[in-house]
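Per my numbering, the very first residue in the sequence shown carries number 9; after that it's consecutive.
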Amino acid sequence: QTLAGLVSAPDCDSRVSSEVWVKLGTAYNRVPSIEDINRRRALGAFQQAALLDPSNNELRLELADAFVNQGQFHYALRPASIAHQALSDNARATRLLTTTHIAIENRTAAIALLDQTYDPGEPMPFWAWLAVETLQHPVIDDEVAPLVPLITTTPSTRAAQFNQAVAMAFRL
């Protein structure tokens, strides 16, 4: 019998903790499958874990990430927002929430989040730099104006600078 079958058996419900569901979800994420069936299984495992431990913010990040992996950005918004409120200095929480806002076309929230997280002149991670580029394209309007100083900085690593150069070459 599979691990998932053992964990979800009726007589195991009282003995299975949220940590077991998280381990199962993580294992499913690591194993590739046809038609992303394991990603769907991972999402289900993270949902079960969240039901058992609703105050765990790291678990909320896993759940939000699982929703993002499935392209279910509207569902990812709530766990990502709650996790970001509790873990405002967590780069992963900021990335997930920003990505979710951009995906559901909530530009105002994504811009505000990037503006409050990063200071002009300081290097940003490459994902944040790309998010700013995405929000500014195709035109810079009043809503995006606070991000203009951020985009003048360069990404924080040499690899990111290479990726930036490649991206700019393909924009032409």
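The C-beta atom is built at its ideal place from N, Cα and C for all residues, glycine as well.
Per-residue burial, residue i [other beta carbons within 10 Å of its own, 16 or more giving buried]
i           : result
residue 113 : exposed
residue 127 : exposed
residue 39  : exposed
Own chain, CB closer than 6 Å to residue i, minus 5 neighbours either side, in chain order
i           : result
residue 117 : 109
residue 102 : 125
residue 36  : 46, 49 and 50
residue 84  : 72, 75, 76 and 108
residue 91  : 65, 68, 69 and 101
residue 33  : 50, 53 and 54
residue 25  : none
residue 94  : 65
residue 30  : 57
Pick from the options that is closest to residue i, judged by C-alpha positions
i           : options            : result
residue 89  : 106, 78, 74 and 79 : 106
residue 100 : 120, 80, 68 and 83 : 68
Close Cβ partners of residue i (< 7 Å) along its chain, the five nearest in sequence each way excluded
i          : result
residue 71 : 54, 55, 58 and 87
Rounded separation between residue i and residue j - CA only
i           : j           : result
residue 51  : residue 98  : 22 Å
residue 60  : residue 131 : 39 Å
residue 28  : residue 81  : 25 Å
residue 96  : residue 111 : 20 Å
residue 134 : residue 63  : 30 Å
Sequence-distant residues of its chain with Cβ nearer than 8 Å to residue i (five each side left out)
i           : result
residue 78  : 44, 47, 48 and 51
residue 41  : 47
residue 104 : 69, 72, 73, 76, 84, 88, 91 and 92
heavy atom of the ligand GTP below 8 Å from residue i C-beta
i           : result
residue 128 : Among the ligands in the structure shown, none appear at all, so the ligand GTP cannot be discussed.
**Message:** To test your reading of the DSSP string, which unbroken alpha helix (DSSP H) runs of 4 or more residues are found completely within the segment 40–77?
**Reply:** 45–60 and 65–77
**Message:** List, from N- to C-terminal side, the beta strand (DSSP E) runs of 3 residues or more that fit wholly inside the segment 74–140.
**Reply:** none
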